[in-house]
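Trainee:
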Amino acid sequence: MHGEGMIPEGSHAVMLYELHTTEEIYRLIGRIDTTSPHQERIDAMAALGDSRDPRAVRPLITCCSDENSEIRRHAIRALYAMKSGRAVAALTERLKDKNEARTSRKEAAKALAAIRSHGAIAGLVDITLDTGEEPDIRIFAATMLGRMGKG
Numbered sequence: 001m002h003g004e005g006m007i008p009e010g011s012h013a014v015m016l017y018e019l020h021t022t023e024e025i026y027r028l029i030g031r032i033d034t035t036s037p038h039q040e041r042i043d044a045m046a047a048l049g050d051s052r053d054p055r056a057v058r059p060l061i062t063c064c065s066d067e068n069s070e071i072r073r074h075a076i077r078a079l080y081a082m083k084s085g086r087a088v089a090a091l092t093e094r095l096k097d098k099n100e101a102r103t104s105r106k107e108a109a110k111a112l113a114a115i116r117s118h119g120a121i122a123g124l125v126d127i128t129l130d131t132g133e134e135p136d137i138r139i140f141a142a143t144m145l146g147r148m149g150k151g
């Protein structure tokens with residue numbers, strides 16, 4: 001999109017506007033590849049999460065194992081928006097990884113609570129019962145479990 005009064009191509013607003021096409025979904029999926037620039041990957045993950053398109057779940061799960069912690073955090077956020085049961089194993093792995101940033105671990109717990117599946121609940125329960133786990137992570141997971149009963 002170019003021209004007077006138009007939103008520049010690549011902006012988040014344009015991506016959200018165009019998300020309904022199969023071509024655009026696959027273009028965004030291509031942008032989360034490790035060869036894309038860092039910010040472009042983050043913007044594409046946000047747009048895919050907003051789209052809630054199930055075709056994006058597997059590529060976002062792959063991003064949960066990225067070597068870059070910021071990429072992992074944004075992948076978790078996108079999966080939270082999608083609330084797909086297919087993401088439970090990857091989100092549980094991020095939650096249980098004691099080397100993962102606290103923020104990402106808490107976002108993984110929040111995403112699992114939003115999914116509300118048996119596997120998601122089991123992952124949260126495991127963390128709350130793990131006496132070797134950091135207290136704030138255990139408390140946060142327990143809080144997420146409590147909120148599930150109210151939603």
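Numbering-wise (the UniProt record's numbering), the sequence shown opens with residue 1 and increments by one.
Glycine is no exception: its CB is placed at the ideal position from the N, C-alpha and C atoms.
With distance defined between alpha-carbon atoms, name the residue in A122, R102, I76 nearest to A46.
Mentor: Translated into positions along the sequence shown, residue 46 becomes position 46. Comparing Cα-Cα distances from A46 to each of A122, R102, I76, the minimum goes to I76.
Trainee: Out of A109, P54, K106, T34, state which residue places its alpha-carbon closest to the alpha-carbon of I71.
Mentor: For the purposes of this step, residue 71 is identified with residue 71 of the sequence shown, where counting begins at 1. Nearest of A109, P54, K106, T34 to I71, Cα basis: T34.
Trainee: Please classify D43 as buried or exposed, where buried requires at least 16 other C-beta atoms within 10 Å of its C-beta.
Mentor: Residue mapping note: residue 43 aligns to position 43 of the sequence shown, counting from 1. Flag for D43 reads buried.
Trainee: By Cβ distance below 7 Å, which residues in the same chain neighbour P8 in space, the five residues on each side in sequence not counted?
Mentor: Stepping through the sequence shown from its first residue, residue 8 is reached at position 8. Bear in mind that the predicted position of P8 carries a pLDDT of just 45, short of 50, making it too unreliable to give a figure here.
Trainee: Do A109 and L124 come within 8 Å of each other at the CB atom, strictly closer than that value?
Mentor: Taking the sequence shown and counting its residues from 1, the one referred to as residue 124 is at position 124. Taking the sequence shown and counting its residues from 1, the one referred to as residue 109 is at position 109. Contact flag set, yes.
Trainee: How should P37 be labelled, buried or exposed, when 16 other C-beta atoms within 10 angstroms of its C-beta is the threshold for buried?
Mentor: As a working mapping, residue 37 is identified with position 37 in the sequence shown. It is exposed - the Cβ of P37 has fewer than 16 other Cβ atoms within 10 Å.
Trainee: Counting only runs that start and end within the region 16-73, where is the alpha helix (DSSP H) found for 4 or more residues in a row?
Mentor: For the region 16-73, whole alpha helix (DSSP H) runs of length 4 or above, ordered along the chain, are 22-31, 38-51, 57-63.
Trainee: Start and end of the alpha helix (DSSP H) containing A109?
Mentor: The sequence position of residue 109 within the sequence shown is 109, counting from 1. Taken as a continuous stretch (DSSP letters only), the alpha helix (DSSP H) holding A109 covers 102-115.
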